[in-house]
Amino acid sequence: LESYGIAKLLTRALPEARVGVTVHGARRMADAEAAFSRLERATSQRLGLPLTSYGLLVDDLHVYQAIVAQRPIGMVHPQSPAARSMGDVAKLLLEDARKQMDRVDA
Numbered sequence: 280l281e282s283y284g285i286a287k288l289l290t291r292a293l294p295e296a297r298v299g300v301t302v303h304g305a306r307r308m309a310d311a312e313a314a315f316s317r318l319e320r321a322t323s324q325r326l327g328l329p330l331t332s333y334g335l336l337v338d339d340l341h342v343y344q345a346i347v348a349q350r351p352i353g354m355v356h357p358q359s360p361a362a363r364s365m366g367d368v369a370k371l372l373l374e375d376a377r378k379q380m381d382r383v384d385a
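For the sequence shown, the positions run 280 to 385 when our numbering is used.
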């Protein structure tokens with residue numbers, strides 16, 4: 280509900296906005312996919328807004344340790360599942376941004 284509310288506020292303030300979602304804290308990939316599907320369905324039906332999936336950020340104790348240390352997860356625990364997952368999400372975001380820039384330049 281919170282994610283839907285944020286998407287709704289964002290599109291009201293900036294109708295041309297593109298919204299992407301990274302699911303965090305799911306115990307299984309199937310749970311993450313189900314959560315994304317529910318959110319995607321609601322935003323599509325109610326807001327006419329397509330969502331982009333930016334994958335899953337795995338729940339990992341190292342995330343919380345990095346927060347307490349006030350340091351980036353990739354610096355504190357670079358080999359942790361969460362750091363690798365965050366790297367995957369960052370790659371997806373970068374690829375998407377590059378595609379958008381290519382469309383603007385064309």
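Positions of the beta carbon are idealized from the N, C-alpha and C atoms, including for glycine.
Keep in mind that this is a model prediction, so the values were computed, not measured.
Own chain residues within Cβ distance below 6 Å of residue 322, not counting five before or after: Residue mapping note: residue 322 aligns to position 43 of the sequence shown, counting from 1. Excluding sequence neighbours, residue 322 sits near 286, 328, 330.
Extent of the continuous beta strand (DSSP E) run through residue 335: Locating residue 335 in the sequence shown gives position 56, where the first residue counts as 1. Residues 330 to 336.
Residue 300 beta carbon less than 8 Å from that of residue 318: Counted from its first residue, the sequence shown places residue 318 at position 39. Counted from its first residue, the sequence shown places residue 300 at position 21. A contact, by the Cβ cut-off of 8 Å.
Buried versus exposed call for residue 400 [16 or more other C-beta atoms within 10 Å across all chains shown]: The chain is shown from 280 up to 385; residue 400 falls before or after that span and cannot be answered.
Which listed residue (385, 355, 311, 375) has its alpha carbon closest to that of residue 298: As a working mapping, residue 298 is identified with position 19 in the sequence shown. The shortest Cα separation from residue 298 among 385, 355, 311, 375 belongs to 375.
Candidates 364, 336, 357: closest to residue 303 by CA position: In the sequence shown, the residue the question calls residue 303 occupies position 24. Measuring from the Cα of residue 303, the nearest candidate turns out to be 336.
Residue 383 and residue 361 closer than 8 Å at C-beta: Here residue 383 refers to the residue found at position 104 of the sequence shown. Here residue 361 refers to the residue found at position 82 of the sequence shown. Not closer than 8 Å, so no.
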